[in-house]
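Asks: Sharing a structure below in structure tokens format, with a few things to ask.
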Amino acid sequence: MGSPSRELVERIGAASTSVFRDMIEMVCFVGDLSKVSWRVLRKPSQLRWKETLYYMDMCGSQAVPIVLMICFLMGVILGFQAAVQMRKFGTELYVADLVGFSILKELGPLMVAMIATGRAGSAFAAEIGTMKVNDEISALETMGFAPSRFLVIPKILAMVIVSPVLTVFGDVIGIAGGFVVGTTMLGLPLMAYYNRTVEVLYPMVFILGMVKSVVFALIIAVIGCLRGFQSECNAQGVGRATTSAVVTSIFLIVIADAVLTIIFSLMGY
Amino acid sequence: MSNESVVEVKNLTVGYGDIVVLKNISFSVASGEIFVILGGSGCGKSTLLKHMIGLYTPFRGDVLIFGESMVNSSEDEKRKLMRSFGVTYQGGALFGSLTVAENIALPLEEYTTKTPKEINEVVQQKLALVNLDGFGNYMPSELSGGMRKRAGLARAMALDPTLLFFDEPSAGLDPITSAELDRLILRLREELGTTIVIVSHELDSIFTVADRAILLDKETKGIAATGKPKDLRDGSPNLWVREFLTRSKLKRDVV
Ligand SMILES: Nc1ncnc2c1ncn2[C@@H]1O[C@H](COP(=O)(O)OP(=O)(O)OP(=O)(O)O)[C@@H](O)[C@H]1O
Ligand SMILES: [Mg+2]
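Each protein sequence line maps, in turn, to chains E and Z.
Basically this note's numbering = 1-based index in the first sequence + 2.
Basically this note's numbering = 1-based index in the second sequence + 200.
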């Protein structure tokens, strides 16, 4: 009952506590994970290589076609949009700058992260959630294993190894997309576009993109696994966990992207 | 068989969230004993078992396994303690990404220094024990429910633990397999002196294997009776206990 304004306050209060609780759980999960990771680091024989390779295949090699396709189109779209504007000023050659910087700094890592969220993050949550429903997590625990060593570390490791590689692919093919627009639609000479691209881009731009892609990979793997462990023990619960993994990952990736961009620009890049 | 207790449950109160499922439960299981936890559906048998094996933290009370507290030990001590016993779950709980043989081999790979060949031998032996010879290379999803359950049993026995917890091992098995399971349980105790705690509904099997049973009561959230199942059936002062153990028609009429 109560007045509408009171209800509003109550709702905001309830929502805040649940967000706050969620944040605490996230911090606990990461803390617990660091402990297990430290142990695996000191004793690498504890790492489950078979699982790690499986996830590298699943999140990496199998994602190559879609990454190539989306990043290429991204480059084409960027090049096209830039061309329309640049033409007005007769500065067509700057399309190379715009495409190069945008792809390396932003769109390469971001597109790869979005694809990985949809492919890998959701799969992680669904997999762990289903294992929970089937008592498999309990079985791991009562066999004396830390579930995160089996279920989380291989996924994180696979993502962190594979994401930068995918991003390199995405970067190259994205720039190629811009190149296609530049040389066909704008009629720029091949060598001029190529030289301009090589001239303006410097290694640090590429490295910043790689840093982003590693951070995004961590977010995707950790959130996917966390949501899986938080899943309720029924089919709907697993479905909700999967949705939540995707939504939370995208949200955190965008926040991380903003923060990293600000930090990098403060550092002068 | 000594009379020292392997499992000791002390004033245990368990539940979920705000709901108390069982209150002030105390009992102990002696070494080499086959101990059965009975009770109507939903009275908290699985809940009690999950607290005994350390998956959940109880509201109050303590569980001692081999004299060591499950509740008050650190994460690492608990893990170590958990390795000393085997558990099977109601649905088998095999790891879906591994074959049946890999499931059974997992604890051996992780906790022993056996060579792959020796591990394979143990795996084959455990599979034979539960009548699953030749199914080692199947994925769990390719097995029937009862087969999965038996494979789970084989995995629980991989390290030859001296203490086993079974949640409904024979539910869903055909009468012959179920009887074989009873024989297996008795043989484990005979040959290895294994202590076994079973949650079960199958009256036939209970009368065959159980040394002692407790009957949980949903109403009082406590233990309604303790003793040898035959004695309880024939001589318990509590009518409900006698009815429970004779599958009285009365109960069905009420439903
Ligand atoms: N994860 C859970 N969260 C909240 N309540 C639960 C949970 N699991 C079980 N319960 C409740 O605890 C009570 C006991 O459940 P439990 O699974 O222990 O019953 P059981 O005796 O094993 O039944 P069955 O013979 O059908 O397996 C039930 O009333 C159930 O609703
Ligand atoms: Mg149960």
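Beta carbons: idealized from backbone N, C-alpha and C, even for Gly.
All values derive from a computational prediction rather than experimental measurement.
Report the partner residues of tyrosine 216 of chain Z according to the DSSP bridge assignment.
Replies: The sequence position of residue 216 of chain Z within the second sequence is 16, counting from 1. In the DSSP output, where bridge partners are listed per residue, tyrosine 216 of chain Z has Z/Ile219.
Asks: What does the shell around ligand 1 hold, if a residue joins when its beta-carbon is under 5 Å from any heavy atom?
Replies: That gives Z/Tyr216, Z/Val221, Z/Ser241, Z/Gly242, Z/Cys243, Z/Gly244, Z/Lys245, Z/Ser246, Z/Thr247.
Asks: Sorted by chain position, which residues of the same chain lie with C-beta nearer than 7 Å to valine 154 of chain E's C-beta, five sequence neighbours on each side aside?
Replies: One-based indexing of the first sequence puts residue 154 of chain E at position 152. Here the set comprises Leu35, Cys227.
Asks: Could you say if the region 201–211 of chain E and the region 93–102 of chain E meet the contact criterion of at least three C-beta pairs nearer than 8 Å?
Replies: Contact holds: three or more Cβ-Cβ distances are below 8 Å.
Asks: Could you tell me which residues DSSP pairs with valine 185 of chain Z in its beta bridges?
Replies: Nothing in the structure corresponds to residue 185 of chain Z, since chain Z is present only between 201 and 455.
Asks: Which of helix, strand or coil does DSSP assign to valine 414 of chain Z?
Replies: As a working mapping, residue 414 of chain Z is identified with position 214 in the second sequence. Checking the sequence, you will find isoleucine at residue 414 of chain Z rather than valine. Isoleucine 414 of chain Z falls in the strand class under three-state DSSP.
Asks: On the CB-based measure, 16 or more other CB atoms within 10 Å of its CB, does serine 140 of chain E come out buried or exposed?
Replies: Here residue 140 of chain E refers to the residue found at position 138 when the first sequence is read from its first residue. Burial call: buried.
Asks: May I ask you to report which of helix, strand or coil DSSP gives glutamate 234 of chain E?
Replies: Mapped onto the first sequence, residue 234 of chain E falls at position 232. Glutamate 234 of chain E falls in the coil class under three-state DSSP.
Asks: Can you say whether threonine 312 of chain Z is buried or exposed, counting buried as having 16 or more other CB atoms within 10 angstroms of its CB?
Replies: One-based indexing of the second sequence puts residue 312 of chain Z at position 112. Classification for threonine 312 of chain Z: exposed.
Asks: Between asparagine 136 of chain E and chain Z, is there a C-beta pair that is closer than 8 Å?
Replies: On the first sequence, position 134 is the one that residue 136 of chain E refers to. Judged by the 8 Å Cβ criterion, asparagine 136 of chain E is in contact with chain Z.
Asks: Check each residue of the region 387–420 of chain Z: if its Cβ is closer than 9 Å to any Cβ of chain E, include it; give the result in chain order.
Replies: Under the 9 Å Cβ criterion, the region 387–420 of chain Z contributes no residue.
Asks: Would you call the CB atoms of valine 206 of chain Z and phenylalanine 266 of chain Z closer than 8 Å?
Replies: Locating residue 206 of chain Z in the second sequence gives position 6, where the first residue counts as 1. Locating residue 266 of chain Z in the second sequence gives position 66, where the first residue counts as 1. Yes, they are a contact pair.
Asks: Relative to ligand 2, is the shortest distance from any of its heavy atoms to the C-beta of glutamine 290 of chain Z smaller than 7 Å?
Replies: As a position in the second sequence, residue 290 of chain Z is number 90, starting the count at 1. At least one heavy atom of ligand 2 is nearer than 7 Å to the Cβ of glutamine 290 of chain Z, so yes.
Asks: Could you tell me whether the region 123–134 of chain E touches the region 232–247 of chain E, using the rule of 3 or more Cβ pairs below 8 Å?
Replies: A contact exists between the region 123–134 of chain E and the region 232–247 of chain E.
Asks: Using 10 angstroms around the beta-carbon of alanine 260 of chain E, count the other beta-carbons present and answer buried if the total reaches 16, otherwise exposed.
Replies: Position 258 of the first sequence holds residue 260 of chain E. The residue in question, alanine 260 of chain E, is exposed, as its Cβ has fewer than 16 Cβ neighbours within 10 Å.
Asks: Anyone know if the C-beta pair for phenylalanine 152 of chain E and valine 66 of chain E falls short of 8 Å?
Replies: Position 150 of the first sequence holds residue 152 of chain E. Position 64 of the first sequence holds residue 66 of chain E. Going by C-beta atoms, phenylalanine 152 of chain E is not nearer than 8 Å to valine 66 of chain E.
Asks: Quick one: Cα of threonine 263 of chain E to Cα of cysteine 73 of chain E, how far?
Replies: Position 261 of the first sequence holds residue 263 of chain E. Position 71 of the first sequence holds residue 73 of chain E. Each residue's alpha carbon lies about 20 Å from the other.
Asks: Buried or exposed: where does aspartate 360 of chain Z fall if 16 or more other Cβ atoms within 10 Å of its Cβ makes it buried?
Replies: In the second sequence, the residue the question calls residue 360 of chain Z occupies position 160. Per the 10 Å Cβ criterion, exposed.
Asks: For aspartate 431 of chain Z and leucine 386 of chain Z, what's the separation of their Cα atoms in angstroms?
Replies: Counting from 1 along the second sequence, the entry for residue 431 of chain Z is found at position 231. Counting from 1 along the second sequence, the entry for residue 386 of chain Z is found at position 186. Rounded to whole angstroms, aspartate 431 of chain Z to leucine 386 of chain Z spans 20 Å at the Cα level.
Asks: For valine 287 of chain Z, would you say it is in contact with chain E, using Cβ-to-Cβ distances shorter than 8 Å as the test?
Replies: Translated into the one-based positions of the second sequence, residue 287 of chain Z becomes position 87. Yes - at least one Cβ of chain E is within 8 Å of the one on valine 287 of chain Z.
Asks: Report yes if the CB atom of glycine 346 of chain Z is closer than 8 Å to the CB atom of asparagine 136 of chain E, and no otherwise.
Replies: Translated into the one-based positions of the second sequence, residue 346 of chain Z becomes position 146. Translated into the one-based positions of the first sequence, residue 136 of chain E becomes position 134. Not in contact: glycine 346 of chain Z and asparagine 136 of chain E (Cβ atoms no closer than 8 Å).
Asks: Does the beta-carbon of lysine 52 of chain E have 16 or more other beta-carbons within 10 angstroms, so that it is buried, or is it exposed?
Replies: Within the first sequence, numbered from 1, the residue matching residue 52 of chain E stands at position 50. Classification of lysine 52 of chain E: exposed, given that the 10 Å Cβ count is below 16.
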